[in-house]
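Participant: My structure is below; once you've seen it, I'll send some questions.
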Amino acid sequence: MAKQGKTAFDNNEKSESLKGILSWIPLCLMMIFFAGTWSFPYFYHITEKYNSLIIFISLFLLLLIRGDILKRLKEKDLDLILTGAAVIIAFINLIIIGSNFGCILILADFLLVIYIGGRIRLDDIQLKTLEVFFLLMYASWFFYDRAFSYNSNTGATYTVFTLFAALILLSKFVKKNVLFGYLIVAAFLRTFTLILWHLARGAFMALVFFVFFYFLFLFFDPARHKKKYLFLSIFAVFGSLLFVYLYVMLSRTGFNAQIPFFYKNIFSGREDIWMEIWDMLKGSILTGIGSGYTLKSFFEYNIHNAMYDILAVHGIIVFAVSAFLIIKTLKKAGPRIREDQSTLIASAAVFAVFFESFIDMDLMWADYSPVILLLFLEVFHEKRQ
């Protein structure tokens, strides 16, 4: 009996070891794609059409290797079932309305990041490798701003997002030597000046929200104030739609003003996009309107609001399922947020990206997905010492 138990234990050890080795494949694929995208503009422009597919392949491989899918399905893992159901329903909706199918990958990538980040564990060495990788990716832009080789807003947002990831490792350096704190100060100053140089409102909001949530969670313990934290998690999703409504209503009053330092008006076009999308959506709220349309209000089909995009493109059923999965994951993160500095930074960054995506699509853009995945993995990784 003891021999059988030892054999089963050894087999389980070998299986876990093999999973650890194989999971390097999708992780390396994501790192290569991310590094190529944000280091070489030519690579970025070549792969731009395939970014969602590349990230989907990476995430799905990671799910297959690390996710124990069959076991989870046998155990009736509701979150996995709902993730798959949301993608399937979205696909059926696209068939019904006759839309192109490219947008299904954007949704699938986003839901996989939410599922994998909150429910799958990496080895310590793999997480540390990702931390070092993103610190180096931030450092490469710290010393050489490439934003004008891309889009200035995109470049600034990339810098802010990689700063969030870099702060995780930098904060660990500070524990060993307080002098490393000067690097954090320098990083914030450099990032802030780059944001102003490129007049990137979304990146500025993300940075401000990060600072706000960092200090909020530093003094406000979600583990003790569970109801208030749950409200914040719900607002991170539904507040996005409320913002769209209030923004459009305020724009109709004729009020407008210039944003300090950015030389742009508060109302500079998003209200027209959101009203046009609503006019298209209100008769197809169940199935959504899909993607690929030519908008009168903007030169490309970009809704500039992550949650509104899910609702508009895929319909209210897919949105409801997605909202449930997001809120459940954020709620699950609550008791962990103050466990150590890494989770505090990562949690503040997650909420910052959600709130920044009230006015943009960065939360769901494939080129940023590896950063968002790291933030969720950091929150849920069992690494406490």
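Residue numbers (the working numbering): 1404 to 1788. Idealized CB from N, CA, C, for every residue including glycine. All figures in this text were calculated on a predicted structure; none of them were measured in a lab.
1) Residue range of the alpha helix (DSSP H) that T1560 falls in?
2) For the alpha helix (DSSP H) containing I1795, name the first residue and the last one.
3) What are the uninterrupted segments assigned as alpha helix (DSSP H) that are 4 or more residues long and contained completely in the region 1498 to 1555, given in chain order?
4) Whether or not the region 1690 to 1699 and the region 1598 to 1611 are in contact is what I'm after, with contact meaning three or more pairs of Cβ atoms, one per stretch, closer than 8 angstroms; do they touch?
5) Ends of the alpha helix (DSSP H) at Y1648?
6) Going by Cα to Cα distance, which pick from M1540, K1731, L1602, I1692 is closest to F1638?
7) Identify the continuous alpha helix (DSSP H) that holds F1607 and give its terminal residues.
8) Please state whether DSSP places M1764 in a helix, a strand or coil.
9) State the start and end residues of the unbroken alpha helix (DSSP H) segment that holds S1750.
10) How should D1527 be labelled, buried or exposed, when 16 other C-beta atoms within 10 angstroms of its C-beta is the threshold for buried?
11) Quick one: what does DSSP say E1478 is sitting in, helix, strand or coil?
12) Roughly how many whole angstroms lie between the Cα atoms of L1566 and R1469?
13) Put R1787 into one of helix, strand or coil per three-state DSSP.
14) Output yes or no for whether 9 angstroms exceeds the beta carbon distance between V1516 and L1464.
15) Quick one: what does DSSP say E1419 is sitting in, helix, strand or coil?
16) To the nearest whole angstrom, what separates the beta carbons of I1720 and L1684, a pair I think is in contact under 8 angstroms?
17) Going by beta-carbon coordinates alone, are V1756 and L1778 separated by less than 9 angstroms?
18) Cβ atoms of F1761 and N1705: under 9 angstroms apart, would you say?
19) Can you tell me the Cβ-Cβ gap for L1633 and I1748, rounded? I've got them flagged as a contact below 8 angstroms.
20) So S1772 and I1458 are supposed to be a Cβ contact under 8 angstroms. How far apart are they, rounded?
21) To the nearest angstrom, how far is the alpha carbon of R1593 from that of N1668?
22) Looking at the unbroken alpha helix (DSSP H) that takes in I1720, where does it start and where does it end?
23) According to DSSP, is I1688 part of a helix, a strand, or is it coil?
24) Kindly indicate which residue of L1497, T1532, I1492, V1753 has the alpha-carbon position closest to the one of Y1617.
25) Would the beta-carbon of D1770 fall within 9 angstroms of that of Y1447?
26) Considering only residues of the same chain and omitting the five flanking positions on each side of M1433, which have a CB-CB separation below 6 angstroms?
27) Are there 16 or more other CB atoms within 10 angstroms of the CB of V1782, so buried, or fewer, so exposed?
28) Go through its chain and collect everything with a Cβ distance to R1739's Cβ below 8 angstroms, but skip five positions before and after it.
29) Give the straight-line distance between the Cα atoms of F1504 and K1422, rounded to the nearest whole angstrom.
30) In terms of residue numbering, what span does the alpha helix (DSSP H) encompassing L1467 cover?
31) If you run the structure through DSSP and keep just helix, strand and coil, what is R1593?
32) Between the Cα of A1542 and those of I1523, T1557, F1564, spot the shortest distance and give me the residue it belongs to.
33) In terms of residue numbering, what span does the alpha helix (DSSP H) encompassing T1440 cover?
34) Within the same chain, show all residues whose beta-carbon is closer than 6 angstroms to that of M1798, passing over the 5 residues directly before and after it, in chain order.
Facilitator: Let me spell this out:
1) Along the sequence shown, one-based indexing puts residue 1560 at 157. That run of the alpha helix (DSSP H) goes 1555 to 1579.
2) Absent from the model: residue 1795. The displayed extent of the chain is 1404 to 1788, so no value can be given.
3) Listed in chain order, the complete alpha helix (DSSP H) runs (minimum 4 residues) inside the region 1498 to 1555 are 1506 to 1522, 1527 to 1546.
4) no
5) As a working note, residue 1648 is residue 245 in the sequence shown. Looking at the DSSP string, the run of the alpha helix (DSSP H) that includes Y1648 is 1629 to 1654.
6) Residue mapping note: residue 1638 aligns to position 235 of the sequence shown, counting from 1. Checking every option, the nearest Cα to that of F1638 belongs to K1731.
7) What you label residue 1607 is simply residue 204 of the sequence shown in a count that begins at 1. Run containing F1607: 1604 to 1622, per the alpha helix (DSSP H) assignment.
8) Along the sequence shown, one-based indexing puts residue 1764 at 361. Taken through DSSP and simplified to helix, strand or coil, M1764 comes out as coil.
9) The residue given as residue 1750 occupies position 347 in the sequence shown. Unbroken alpha helix (DSSP H) run through S1750: 1744 to 1759.
10) Numbered from its first residue, the sequence shown carries residue 1527 at position 124. Classification for D1527: exposed.
11) Against the sequence shown, residue 1478 aligns to sequence position 75. If DSSP states are grouped into helix, strand and coil, E1478 belongs with coil.
12) Translated into the one-based positions of the sequence shown, residue 1566 becomes position 163. Translated into the one-based positions of the sequence shown, residue 1469 becomes position 66. When rounded, the distance between both Cα atoms is 28 angstroms.
13) Start at 1 with the first residue of the sequence shown, and residue 1787 comes out as number 384. Because the pLDDT at R1787 is just 45, under 50, the model does not fix this residue reliably, and the point stays unresolved.
14) On the sequence shown, position 113 is the one that residue 1516 refers to. On the sequence shown, position 61 is the one that residue 1464 refers to. Their beta carbons are not under 9 angstroms apart, which means V1516 does not touch L1464 by this criterion.
15) Mapped onto the sequence shown, residue 1419 falls at position 16. The answer is helix: DSSP assigns E1419 an H, G or I state.
16) Translated into the one-based positions of the sequence shown, residue 1720 becomes position 317. Translated into the one-based positions of the sequence shown, residue 1684 becomes position 281. Going by Cβ atoms, the distance from I1720 to L1684 rounds to 14 angstroms, so no, they are not a contact pair.
17) The residue given as residue 1756 occupies position 353 in the sequence shown. The residue given as residue 1778 occupies position 375 in the sequence shown. Taking 9 angstroms as the Cβ cut-off, V1756 and L1778 qualify as a contacting pair.
18) Taking the sequence shown and counting its residues from 1, one reaches residue 1705 at position 302. Taking the sequence shown and counting its residues from 1, one reaches residue 1761 at position 358. Remark: C-beta atoms of N1705 and F1761 do not approach each other more closely than 9 angstroms.
19) Here the question's residue 1633 lines up with position 230 in the sequence shown. Here the question's residue 1748 lines up with position 345 in the sequence shown. L1633 to I1748, Cβ: 22 angstroms. No contact.
20) On the sequence shown, position 369 is the one that residue 1772 refers to. On the sequence shown, position 55 is the one that residue 1458 refers to. With 8 angstroms as the limit, S1772 and I1458 qualify as a contact, their Cβ atoms being about 5 angstroms apart.
21) Taking the first residue of the sequence shown as position 1, residue 1593 is located at position 190. Taking the first residue of the sequence shown as position 1, residue 1668 is located at position 265. Between R1593 and N1668, the C-alpha separation is close to 25 angstroms.
22) By one-based count along the sequence shown, residue 1720 stands at place 317. Looking at the DSSP string, the run of the alpha helix (DSSP H) that includes I1720 is 1719 to 1736.
23) Taking the first residue of the sequence shown as 1, we reach residue 1688 at position 285. Coil, per DSSP.
24) As a working mapping, residue 1617 is identified with position 214 in the sequence shown. Comparing Cα-Cα distances from Y1617 to each of L1497, T1532, I1492, V1753, the minimum goes to V1753.
25) Here residue 1770 corresponds to residue number 367 of the sequence shown, with the count starting at 1. Here residue 1447 corresponds to residue number 44 of the sequence shown, with the count starting at 1. Yes, they are a contact pair.
26) In the sequence shown, the residue the question calls residue 1433 occupies position 30. Here the set comprises S1461, P1773.
27) Along the sequence shown, read from residue 1 onward, the residue named residue 1782 stands at position 379. When all chains shown are included, V1782 counts as buried.
28) The sequence position of residue 1739 within the sequence shown is 336, counting from 1. Take R1739, set aside five residues on each side of it, and the residues of its chain with a beta-carbon closer than 8 angstroms to its own are T1746, S1750, V1782, F1783, in chain order.
29) For the purposes of this step, residue 1504 is taken as residue 101 along the sequence shown, with counting starting at 1. For the purposes of this step, residue 1422 is taken as residue 19 along the sequence shown, with counting starting at 1. Those two C-alpha atoms are separated by around 32 angstroms.
30) Within the sequence shown, residue 1467 is the residue found at index 64, counting from 1. Counting along the chain, the alpha helix (DSSP H) containing L1467 begins and ends at 1454 to 1469.
31) Numbered from 1 along the sequence shown, position 190 holds the residue referred to as residue 1593. In the structure shown, R1593 sits in a helix (DSSP, three-state: H, G or I).
32) Stepping through the sequence shown from its first residue, residue 1542 is reached at position 139. The candidate whose alpha carbon is nearest that of A1542 is F1564.
33) On the sequence shown, position 37 is the one that residue 1440 refers to. Note, T1440: alpha helix (DSSP H), 1427 to 1442.
34) Shown here, the chain extends from 1404 to 1788; a query on residue 1798 therefore has no answer.
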